Amino acid sequence: KAGVTQTPRYLIKTRGQQVTLSCSPISGHRSVSWYQQTPGQGLQFLFEYFSETQRNKGNFPGRFSGRQFSNSRSEMNVSTLELGDSALYLCASSFQGGRAEAFFGQGTRLTVV
Amino acid sequence: LAKTTQPISMDSYEGQEVNITCSHNNIATNDYITWYQQFPSQGPRFIIQGYKTKVTNEVASLFIPADRKSSTLSLPRVSLSDTAVYYCLVGDGGTGTASKLTFGTGTRLQVTL
Chain A
564 KAGVTQTPRY LIKTRGQQVT LSCSPISGHR SVSWYQQTPG QGLQFLFEYF
614 SETQRNKGNF PGRFSGRQFS NSRSEMNVST LELGDSALYL CASSFQGGRA
664 EAFFGQGTRL TVV
Chain B
88 LAKTTQPISM DSYEGQEVNI TCSHNNIATN DYITWYQQFP SQGPRFIIQG
138 YKTKVTNEVA SLFIPADRKS STLSLPRVSL SDTAVYYCLV GDGGTGTASK
188 LTFGTGTRLQ VTL
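Those sequence lines, one after another, are chains A and B.
In this note's numbering, each residue's number is its place in the first sequence (first place is 1) plus 563.
In this note's numbering, each residue's number is its place in the second sequence (first place is 1) plus 87.
Listed below in structure tokens is the structure:
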């Protein structure tokens, strides 16, 4: 079956702009989580959506938001981009969340200039 | 969530068995131990998960002593393609709970000829 698909793969934005990243989970998976990975901070949890509801949230400012649609596809939005938002953004899907095996996409590499 | 401690890096020759130990002294009764593998510029990939004693699958074994304060990921006969970062995660994540994977710094395994 198809894996987790993230689009776009690469993105360059200017400071102050906003960006929307997309994630299509594995068919049948209802949990979608987002992570930010940087060399300095490593992999950090942003938030998780399950059946269109945000079920958990990490320690990120309100500029980071997300949503999930009825088909489980998810989008992540970052407003007023800062240079420090440059990172690899990863999406993971699992059947039910919790400790269930999470399947990650290849990520979106965001560069803020 | 229980904090985990792993070696920052390890080196191995191709064909050897590699054992990566993770310390999690504050593991809770309901916590499971999960290992993920990550290649550069890719999302992490689930390797194995266990609660106690020994778990084995087609790629690795996970050894968990009776006190569960540590665990060891064993990779038999590694190859160059096993060069990656390996993360040990500890959490309960019971059925229906929110997914929030907490990644530590991981162990960077370098396999050479």
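Built from N, CA and C at the ideal position, the CB exists for glycine as well.
Computed from a predicted structure; not experimentally measured.
Reduced DSSP category for residue i - H, G, I as helix; E, B as strand; rest coil
i: Asp201(B); result: Residue numbering for chain B in the displayed model covers 88 to 200; residue 201(B) lies beyond these limits and cannot be assessed.
i: Gly660(A); result: coil
i: Gly130(B); result: coil
i: Arg649(A); result: Reading off the sequence, residue 649(A) comes out as Ser, not Arg. Of the three classes helix, strand and coil, the one that applies to Ser649(A) here is coil, per DSSP.
i: Ser168(B); result: helix
i: Arg593(A); result: coil
i: Lys576(A); result: strand
i: Ala655(A); result: strand
i: Ser614(A); result: coil
i: Leu176(B); result: strand
i: Glu145(B); result: coil
i: Gln669(A); result: coil
i: Val567(A); result: coil
i: Val676(A); result: coil
Minimum Cβ-Cβ distance from residue i to chain B less than 7 Å
i: Gly629(A); result: no
i: Phe608(A); result: yes
i: Asn640(A); result: no
i: Leu584(A); result: no
i: Phe667(A); result: yes
i: Arg593(A); result: no
i: Leu653(A); result: yes
i: Gly603(A); result: no
i: Glu615(A); result: no
i: Gln662(A); result: Here residue 662(A) turns out to be Arg, not Gln, going by the sequence shown. Chain B, which has a Cβ nearer than 7 Å to the Cβ of Arg662(A), makes this yes.
i: Asn619(A); result: yes
i: Gly566(A); result: no
i: Gly670(A); result: yes
Beta carbon proximity, residue i to chain A, threshold 7 Å
i: Gly130(B); result: yes
i: Lys141(B); result: no
i: Tyr119(B); result: yes
i: Lys156(B); result: no
i: Phe190(B); result: yes
i: Phe133(B); result: yes
i: Lys187(B); result: yes
Rounded straight-line distance, which links the Cα of residue j to that of residue i
i: Leu646(A); j: Ala153(B); result: 47 Å
i: Pro94(B); j: Ser633(A); result: 42 Å
i: Val172(B); j: Gly625(A); result: 30 Å
i: Thr577(A); j: Ala650(A); result: 14 Å
i: Arg662(A); j: Ile151(B); result: 17 Å
i: Gly621(A); j: Gly660(A); result: 15 Å
i: Leu200(B); j: Ser628(A); result: 45 Å
i: Leu574(A); j: Val676(A); result: 11 Å
i: Ser128(B); j: Leu167(B); result: 17 Å
i: Phe623(A); j: Val146(B); result: 35 Å
i: Thr616(A); j: Phe610(A); result: 11 Å
Whole-Å CB distance - residue i paired with residue j, under 8 Å assumed
i: Phe133(B); j: Glu664(A); result: 4 Å
i: Arg195(B); j: Ser96(B); result: 4 Å
i: Phe613(A); j: Arg593(A); result: 6 Å
i: Val177(B); j: Ile135(B); result: Contact flag wrong, Cβ pair sits at about 13 Å.
i: Pro588(A); j: Ser656(A); result: 3 Å
Practice task
Pair every Cβ in the region 640–654 of chain A with every Cβ in the region 582–590 of chain A, then say whether three or more of these pairs are closer than 8 Å.
Solution key: yes
Problem - the region 155–167 of chain B in contact with the region 104–118 of chain B per 3-pair CB rule at 8 Å - result: yes
Practice task
Evaluate contact between the region 564–573 of chain A and the region 651–668 of chain A, counting only Cβ atoms and requiring at least three cross-stretch pairs below 8 Å.
Solution key: yes
Exercise for the section: Could you tell me whether the region 187–198 of chain B touches the region 139–148 of chain B, where touching means 3 or more Cβ pairs closer than 8 Å? Expected result: no
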